[in-house]
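A.B. asks: Residues 1003 to 1152, numbered by our numbering, are exactly what the sequence shown covers, in order. Beta carbons: idealized from backbone N, C-alpha and C, even for Gly. None of the values given here were measured: they were computed from a predicted structure.
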Amino acid sequence: MPNNVSFRAYTFHDKAACLTIFDTNCPDYFATNERQDYAEYLDSNPEGYEVCLLNGDIVGAFGLCGNTSDCQRLNWILISSNTQGMGIGHQFMLRVVQKAKQLECQQINISASHLSAPFFARYGAIEVSYLLDGWGLGMHKVDMELLVDN
């Protein structure tokens, strides 16, 4: 059976699934101290946050938001560790860029870890700052910018 990847807006009913996915990525891609911040973010019913479904099951989430259309921020992008390597991350980035173009966005700001930064670099994101232990002990913060070709 082919894999069916789709996206839809996040609802508060998705919180448990999103936190489970967060947990599958700790401590490899997120510092454990970030979980409370993520839970609070989900509680805020963030505008522009979407979940990714694989054959009807939530396997990831991301948000693209900002106060101006020319610059948006990629927030809390995560994918289940069980589905990494299946090309779903590529589908995420296609979706992110598509949404940015719809908004006529010129730039996407990304706050990554030193572990996820190479993934974003494959799509043209460039490092603008690096902070040792910026997300927690052993989890370095890498701020990146991705220019969008409209």
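Are there 16 or more other CB atoms within 10 angstroms of the CB of I1128, so buried, or fewer, so exposed?
C.D. replies: I1128 should be labelled exposed.
A.B. asks: Looking only at its chain, what residues have a beta carbon closer than 6 Å to the beta carbon of L1055, apart from the 5 residues adjacent to it on each side?
C.D. replies: The residues are S1008.
A.B. asks: So what does DSSP say about V1150, is it helix, strand or coil?
C.D. replies: Coil at V1150, not helix or strand.
A.B. asks: Bridge partners for G1065 per DSSP, in chain order?
C.D. replies: For G1065, which the question treats as bridged, DSSP gives the partners Y1051 and N1077.
A.B. asks: Under the three-state reduction of DSSP, which class applies to G1089: helix, strand or coil?
C.D. replies: Coil at G1089, not helix or strand.
A.B. asks: Using DSSP bridges, identify the partner residues of I1112.
C.D. replies: Answer is L1076 and M1146, bridged to I1112.
A.B. asks: If you follow the alpha helix (DSSP H) that R1037 is in, where does it begin and where does it stop?
C.D. replies: Segment R1037 to D1045, the alpha helix (DSSP H) holding R1037.
A.B. asks: Starting from L1105, trace the beta strand (DSSP E) in both directions and tell me its first and last residue.
C.D. replies: Run containing L1105: none; DSSP gives neither H nor E here.
A.B. asks: Skipping 5 residues on each side, what residues in its chain have a beta carbon closer than 8 Å to that of L1080?
C.D. replies: Within the same chain, L1080 has close Cβ partners C1020, I1023, F1024, N1027, Y1031, F1032, G1062, A1063 and F1064.
A.B. asks: Within the same chain, show all residues whose beta-carbon is closer than 7 Å to that of R1097, passing over the 5 residues directly before and after it, in chain order.
C.D. replies: For R1097, where only same-chain residues beyond five positions count, the Cβ hits under 7 Å are F1009.
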